[in-house]
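Listed in order, the protein sequences are those of chains F and Z.
Under the numbering used here, think of the first position of the first sequence as 4, with each following residue one higher.
Under the numbering used here, think of the first position of the second sequence as 8, with each following residue one higher.
We put the beta carbon where it would ideally sit given N, CA and C, even for glycine.
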Amino acid sequence: MKARRRIAVAASAATAAALLSACSTGSTSSSGSTSGTDASAAPVSTTLGAATNGVPAAITAAGGTTLLTTPKPDGVEAQYGPICKGSDLGIGKIDFTKDTIGWAQSEKEANPFRIASTKSQVDTAKAKGWHLLTTNAQSNVQQENSDIKGMIDKGAKAIIFSPINSTGLGDAIAYAKSKHVAMVPVDRNITGVQGCKDVGPQLGSDFVQQGRRAADAMITATGGTAKLAILLGASGVNVTDDRTAGFLDELKAKNATGISVIFQQTADFTREKGKSVTETMLRAHPDVTAIYAENDEMGLGALAALDDAGKSGTSKVHIVSIDGTKGAVQAIVDGNFDAVIESNPAFGPAAEAALDAYVNGDGAPAVTITTDNQYDKSNAAEALSSGKAY
Amino acid sequence: MTTLTATFKDRSAVAAWTREHGVYIALALLIVYNAIATPNFLKLDTVQLLFSQVPPVIIVALGMALVIGTGGVDLSVGSIMAIASAVLAKFVVGGTPIGLAMLYAVIAGLLVGVFNGLVVAFARVQPIVATLGVLVAGRGIALVITGGALVELFVPIFKDIRLGKFLGVPYVMIVAALLAAGVAFLVRRTAFGYRLLAIGGNRRASVLAGLPVRRTLIFVYAISGTLAAVAGVIATARLRASDPSYIGLLMELSAITAVVVGGTPLNGGRVRILGTVTGAILLQLLESTLVSHNAPDSVARMVEALIIIAAVYVQRPSRSSR
Chain F
4 MKARRRIAVA ASAATAAALL SACSTGSTSS SGSTSGTDAS AAPVSTTLGA
54 ATNGVPAAIT AAGGTTLLTT PKPDGVEAQY GPICKGSDLG IGKIDFTKDT
104 IGWAQSEKEA NPFRIASTKS QVDTAKAKGW HLLTTNAQSN VQQENSDIKG
154 MIDKGAKAII FSPINSTGLG DAIAYAKSKH VAMVPVDRNI TGVQGCKDVG
204 PQLGSDFVQQ GRRAADAMIT ATGGTAKLAI LLGASGVNVT DDRTAGFLDE
254 LKAKNATGIS VIFQQTADFT REKGKSVTET MLRAHPDVTA IYAENDEMGL
304 GALAALDDAG KSGTSKVHIV SIDGTKGAVQ AIVDGNFDAV IESNPAFGPA
354 AEAALDAYVN GDGAPAVTIT TDNQYDKSNA AEALSSGKAY
Chain Z
8 MTTLTATFKD RSAVAAWTRE HGVYIALALL IVYNAIATPN FLKLDTVQLL
58 FSQVPPVIIV ALGMALVIGT GGVDLSVGSI MAIASAVLAK FVVGGTPIGL
108 AMLYAVIAGL LVGVFNGLVV AFARVQPIVA TLGVLVAGRG IALVITGGAL
158 VELFVPIFKD IRLGKFLGVP YVMIVAALLA AGVAFLVRRT AFGYRLLAIG
208 GNRRASVLAG LPVRRTLIFV YAISGTLAAV AGVIATARLR ASDPSYIGLL
258 MELSAITAVV VGGTPLNGGR VRILGTVTGA ILLQLLESTL VSHNAPDSVA
308 RMVEALIIIA AVYVQRPSRS SR
């Protein structure tokens, strides 16, 4: 589908403008995907960095400098200092019963992850009785910049937001700083910032680690021998690069030479692309024995394609994906997926606690990494019945 | 090429010939390339896959060809696919028999098409603007209908639509071929077809000649909407789910490309059906080729852009032929 789209963009071209836009999309994405491939090829350690003082480079980029050894709250994997205080940026105390808070979602609430992510924020706000404004940037970074600024103009004292990408929101961040509005990024971290100097406490998942765990699960599932296809996420997004780099790096680290990557192609994080790309891949590489999908939706698309080809079931083709949605966890129960690495979308309570501590309390750590679950045959059924899978 | 040049008197004739036949040559070249370079390409299985993936594009492009033939353009087709898919999901989940649900989905597309036609015919709004409005609003409507999320649909007949074959040809391809034949008949053999082309050639003159211009336009957009809805139903069956955020996304541009690459001029007055079908197949095969060869996203985009630029270049009106 996507290829066709791209073509079409160019062709609508009867106008030069459209042609130009096609070219610019091409080049942007090439830089994105190249960096992903390069990182995966050799100096992955620099991307992840066992770097300074046991702080990974990704955390350093997000402004974390020291690993905190203080007791961690539930659901937290690691916390990194310095401790951020709103008063450092001249942010006043917030009265949650009166003041307005903003929630900026990055992508359409169309897939389970985004639905759960927004629901978690809205539910928390409701429970606490906040006045919550919400926006959705529909995957457009400029839109997210203006959404955030718009909510600030409407009087929001704090913005909790899910960045579309780790960079590109500088405009909104600078505006918030000038208006002394607290900024709490969740899910994807804002990078290229100094701890506490630009944004408030960051709450995120470690996407590189998710990729590593997916690789471990893949090695276990396949016994270390497989002809593997990778369905990459959208090009030029750091989640895609991180999940690819972590996965490939871990295969190397575990010396899993029996797993050869025979195919890598973007499927845009969507089920439709996951299906059509897998269909085509199955014709050119009928010998594929395992698929790593960088999100559940693409994995389920791949499963639909395998099903049509009479190849569904982990005895024929292994599938490991990342997200932890109901559909994928159900697929484990049905014997079609081997494992699903969770990317926890429910940042609501943690964001609320961090924001409160940041503006009204003793401060919150610059970077918090939340704990992600992992599902396989042993706990999938339980995850569904308990509602842990979203 | 030398023999060809010899056959024609001058360069504009060569240009005209390329314009007429370029898409067939391009498809033939791409097939030859795949036969040599793509593993398993010459297997029945691979051809069947192509013929099961391409019908939605063909079907949408057929309607688009008619609209472009009137000198207009229909940007709403992708959103109409999403609406049809959402309506289908809504009724299936609500317990409506599948046949009826599919009918309602197609009727929804027909209604949106009629709306487009009314706006273009009576409000005299530029087609690109009128249908752009529906492009934006339509997907929103589709999202509202399903509540925003992807809805999985386990309907037995979808499996037949996806995988069913007659004499080795997927049902959906047969449907696309029949629709193409129907549209070709409409254009070539009916008064409606002549009117449509007359309007595309010169709307003012058509009005002055007393042709029912408005009625014809409404019909044309209604056909385009209906065909888009059929494509939406097929796409839903293929995915065995209704995903209103993505089904048909940017399909309008794929369809326009198929039509233009197939040799139909964007300014109306002529429609080439076989060229449109071939254009759609060319685009689909190009996409599969790039995927099969594991082309990195960045390279794939550049290759595609180059091919399109070439097609658009060939299609440009030459001074002598206009």
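Inter-stretch contact (C-beta, 8 Å, three-pair minimum) for the region 40-60 of chain Z and the region 290-297 of chain Z: By the criterion of at least three beta-carbon pairs nearer than 8 Å, the region 40-60 of chain Z is in contact with the region 290-297 of chain Z.
Is residue 348 of chain F close to chain Z? Criterion is C-beta to C-beta, closer than 8 Å. Taking 8 Å as the CB threshold, residue 348 of chain F stays off the interface with chain Z.
For residue 313 of chain Z, is the classification buried or exposed, using 16 other Cβ atoms within 10 angstroms of its Cβ as the cut-off for buried? Flag for residue 313 of chain Z reads exposed.
Under 8 Å between C-beta atoms, does residue 53 of chain Z make it to chain F? True, the Cβ-Cβ gap to chain F drops below 8 Å.
Evaluate residue 138 of chain F with the Cβ neighbour count: other Cβ atoms within 10 Å of its Cβ, from every protein chain shown; 16 or more gives buried, anything less gives exposed. Looking at its Cβ environment, which holds 16 or more other Cβ atoms inside 10 Å, residue 138 of chain F is buried.
CB of residue 213 of chain F within 8 Å of CB of residue 246 of chain F, strictly: The answer is yes: Cβ separation under 8 Å.
Take residue 237 of chain F and list the residues in its own chain whose beta-carbon comes closer than 8 Å to its own, dropping the five residues that flank it on each side. Excluding its 5 nearest sequence neighbours in each direction, residue 237 of chain F has C-beta neighbours in its own chain below 8 Å: 243, 269, 271, 272, listed in chain order.
If you run the structure through DSSP and keep just helix, strand and coil, what is residue 265 of chain F? In the three-state scheme derived from DSSP, where H, G and I count as helix and E and B as strand, residue 265 of chain F is classed as strand.
Inter-residue spacing [alpha-carbon to alpha-carbon] between residue 221 of chain F and residue 207 of chain Z: Their backbone Cα atoms lie some 58 Å apart in a straight line.
Simplified DSSP assignment, three categories, for residue 293 of chain Z: Residue state, collapsed to three classes: helix.
Assuming residue 186 of chain Z contacts residue 202 of chain Z (C-beta within less than 8 Å), just tell me the rounded distance between them. With 8 Å as the limit, residue 186 of chain Z and residue 202 of chain Z do not qualify as a contact, their Cβ atoms being about 20 Å apart.
Meets three-Cβ-pair contact criterion under 8 Å: the region 227-235 of chain Z and the region 87-97 of chain Z: Three or more Cβ pairs closer than 8 Å define a contact, and the region 227-235 of chain Z meets that threshold against the region 87-97 of chain Z.
Residue 23 of chain Z CB to nearest chain F CB: under 8 Å? Not flagged as an interface residue toward chain F: residue 23 of chain Z, since no C-beta distance is shorter than 8 Å.
Can you have a look at residue 211 of chain F and say buried or exposed, based on whether 16 or more other CB atoms are within 10 angstroms of its CB? Classified as buried, residue 211 of chain F has 16 or more neighbouring CB atoms from the shown chains inside 10 Å of its CB.
Could you tell me whether any Cβ in chain F is nearer than 8 Å to the Cβ of residue 141 of chain Z? Residue 141 of chain Z does not count as touching chain F.
Sequence-distant residues of its chain with Cβ nearer than 7 Å to residue 393 of chain F (five each side left out): The residues are 115, 119, 327, 328, 329, 348.
Please say whether residue 75 of chain Z and residue 273 of chain Z have beta carbons closer to each other than 8 Å? It is a contact, given that the beta carbons lie within the stated cut-off.
Touching or not, the region 234-247 of chain Z and the region 130-144 of chain Z, by the rule of three or more beta carbon pairs under 8 Å? Of all C-beta pairs linking the region 234-247 of chain Z to the region 130-144 of chain Z, fewer than three are shorter than 8 Å, placing the two stretches out of contact.
Using only alpha-carbon positions, find the residue among F:209, F:70, F:151, F:196 that is nearest to residue 160 of chain F. The shortest CA-to-CA distance from residue 160 of chain F to any of F:209, F:70, F:151, F:196 is the one to F:151.
Environment of residue 145 of chain F [buried if 16+ CB atoms lie within 10 Å]: Answer is exposed; the Cβ neighbour count stays below 16.
Buried or exposed, going by whether 16 or more other CB atoms sit within 10 Å of the CB of residue 130 of chain F? It is exposed - the Cβ of residue 130 of chain F has fewer than 16 other Cβ atoms within 10 Å.
Identify the continuous beta strand (DSSP E) that holds residue 378 of chain F and give its terminal residues. It spans 377-379 - the beta strand (DSSP E) in which residue 378 of chain F sits, taken as one unbroken run.
Would residue 167 of chain Z be called buried (16 or more neighbouring beta carbons within 10 Å of its own) or exposed? Label assigned to residue 167 of chain Z: exposed.
When Cβ atoms are compared, which residues of the region 276-294 of chain F fall closer than 9 Å to chain Z? For the region 276-294 of chain F, which is checked against every Cβ of chain Z, the residues closer than 9 Å are 276, 278, 279, 280, 282, 283, 284, 285, 286, 287, 288, 289.
Report, in whole angstroms, the separation of the C-beta atoms of residue 362 of chain F and residue 96 of chain F, which I expect to be a contact under 8 Å. Indeed, because the Cβ distance is near 6 Å, the residues count as touching under 8 Å.
With DSSP as the reference, label residue 157 of chain Z as helix, strand or coil. Looking at residue 157 of chain Z - three-state DSSP - the assignment turns out to be coil, as it is neither helix nor strand.
Can you check whether the C-beta of residue 387 of chain F is within less than 8 Å of a C-beta belonging to chain Z? No - not a single Cβ of chain Z is within 8 Å of the one on residue 387 of chain F.
Contacts that residue 93 of chain Z makes with chain F (C-beta to C-beta distance below 8 Å): Neighbours of residue 93 of chain Z on chain F: none; closest Cβ ~12 Å, over 8 Å.
Hey, is residue 81 of chain F close to the ligand GDP, as in C-beta under 7 Å from one of its heavy atoms? The ligand GDP is not among the ligands present in this structure, which contains no ligands whatsoever.
Mind checking which residues open and close the alpha helix (DSSP H) that includes residue 103 of chain Z? Where residue 103 of chain Z is concerned, there is no enclosing alpha helix (DSSP H), given that its DSSP letter is neither H nor E.
Compare the Cα-Cα distances from residue 350 of chain F to each of F:164, F:133, F:314, F:255 and report the closest residue. Comparing Cα-Cα distances from residue 350 of chain F to each of F:164, F:133, F:314, F:255, the minimum goes to F:164.
Under 8 Å, Cβ to Cβ, is there at least one residue of chain F near residue 220 of chain Z? No, its Cβ sits nowhere closer than 8 Å to a Cβ of chain F.
Suppose you measure from the CA of residue 69 of chain F to the CA of residue 92 of chain F; what does that come to, to the nearest Å? Rounded to whole angstroms, residue 69 of chain F to residue 92 of chain F spans 21 Å at the Cα level.
Does the contact criterion of 3 or more C-beta pairs under 8 Å hold for the region 150-167 of chain Z versus the region 93-103 of chain Z? The region 150-167 of chain Z makes contact with the region 93-103 of chain Z: 3 or more CB pairs, one atom from each, lie closer than 8 Å.
Counting C-beta neighbours from all protein chains within 10 Å, is the total for residue 389 of chain F 16 or more, i.e. buried, or is it exposed? Exposure of residue 389 of chain F is indicated by the presence of fewer than 16 other C-beta atoms within 10 angstroms of its C-beta.
What is the residue span of the beta strand (DSSP E) that residue 382 of chain F lies within? Element bounds for residue 382 of chain F: n/a, residue is neither H nor E.
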